[in-house]
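All the letters of the sequence shown, read from the start, carry residue numbers 15 to 247 under this note's numbering. Here is the structure we will look at.
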Amino acid sequence: MSNNDWFKKSFSADYLKIYQHRDAGDAQKTIDYFLSQTPIQENAKCLDLCCGTGRHLSYLDSKGLDLYGLDLSIDLLNEVPQSLKHRVIQGDMRSLPWLNESFDAVFSLFTSFGYFSDDAVNQQVIDEVSRILRKDGIYLIDFLDADSVIENIVAEDESEINGILIKQNRRIDTELNMVIKNITMESNGETRNYTEMVKLYKLDDFIRMFNSAGLTIRHSEIYHSRLLMIAEK
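In structure tokens form, the structure reads like this:
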């Protein structure tokens, strides 16, 4: 499997162990921030793109929205709360299975963007979001702050969770403009290896990609070392 397909392997049951410290509280803070900047009407049709286990969907559900979720990983979708399973489907964000102008809002949360080394493919994702957004629809992105990542990168760390030794190595690939994390998990004499790669896009990059897709940025802010953005069609 090539590095360009790293996400097909990495978003597995082990992913849940690595990021188990991310809880509902984190999800609520991000969503509350976005809703404080741009209230979304009750019953608005909303998509959580790369919804994972439904952490954000569960909280959005309390806001009275008409919710849908999409993720590539069956392992993660299997963990979606039973009450929301009928709202999620497996799919690829590069080719969304909805008609044009189907949604009032699309969320990309917890750095669920920039997975591809080819800028044109990441642009394709934004183009697809724009296609399924209705006129005046909004795209809300919670992304990493590239400057913070570069300045504060931790090259190595390790931890133990439930008897599993987790080693993480991080580096900046300046040629690809990506932060790359290699993860090794060791337990019971078995070793499993994963890779995560994310583009180090900055606000100017997003403005360019949004404009190319017919979207206009309405709000952006660095918030707790995160780049939070709202774009409108």
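We put the beta carbon where it would ideally sit given N, CA and C, even for glycine. Model, not experiment: these values are computed from the prediction.
So is residue i buried or exposed if we call it buried at 16+ other beta carbons inside 10 Å?
{"i": "Leu179", "result": "exposed"}
{"i": "Arg185", "result": "exposed"}
{"i": "Ser41", "result": "According to the sequence displayed, residue 41 carries Ala and not Ser. Counting Cβ neighbours within 10 Å, Ala41 comes out buried, since at least 16 surround it."}
{"i": "Asn169", "result": "Here residue 169 is Ala; the residue named in the question, Asn, does not match the sequence. Exposed."}
{"i": "Leu113", "result": "exposed"}
{"i": "Glu6", "result": "The chain is shown only over 15 to 247; residue 6 falls outside these bounds and no answer can be derived."}
{"i": "Met15", "result": "Model confidence at Met15 stands at a pLDDT of 46, short of 50, so the residue's coordinates are unreliable and nothing is read from them."}
{"i": "Leu241", "result": "buried"}
{"i": "Lys22", "result": "exposed"}
{"i": "Leu49", "result": "exposed"}
Tell me, please, which residues DSSP counts as bridged to residue i.
{"i": "Thr209", "result": "Asn196"}
{"i": "Tyr82", "result": "Leu61"}
{"i": "Tyr237", "result": "Arg240"}
{"i": "Thr230", "result": "Glu246"}
{"i": "Ser201", "result": "Glu204"}
{"i": "Ile155", "result": "Ser122, Met243"}
Between which two residues does the alpha helix (DSSP H) carrying residue i extend?
{"i": "Met223", "result": "217 to 226"}
{"i": "Leu214", "result": "First-last for Leu214: undefined, no H or E at that position."}
{"i": "Ser72", "result": "69 to 75"}
{"i": "Ser4", "result": "The requested residue 4 is not part of the displayed model; the chain covers only 15 to 247."}
{"i": "Ile32", "result": "27 to 32"}
What residue does the beta strand (DSSP E) around residue i start on, and which one ends it?
{"i": "Ala245", "result": "240 to 246"}
{"i": "Leu248", "result": "Absent from the structure is residue 248, since the part of the chain shown begins at 15 and ends at 247."}
{"i": "Glu174", "result": "170 to 175"}
I think residue i touches residue j, with their Cβ atoms under 8 Å apart; what is that distance to the nearest whole Å?
{"i": "Ile231", "j": "Leu154", "result": "With 8 Å as the limit, Ile231 and Leu154 do not qualify as a contact, their Cβ atoms being about 11 Å apart."}
{"i": "Cys60", "j": "Phe117", "result": "6 Å"}
{"i": "Leu98", "j": "Asp133", "result": "Not a contact, Cβ separation roughly 33 Å."}
{"i": "Ser144", "j": "Lys247", "result": "6 Å"}
Kindly provide the ranges of any beta strand (DSSP E) runs that are 3 or more residues long and lie completely inside the stretch 84 to 152, ordered along the chain.
102 to 104, 117 to 122
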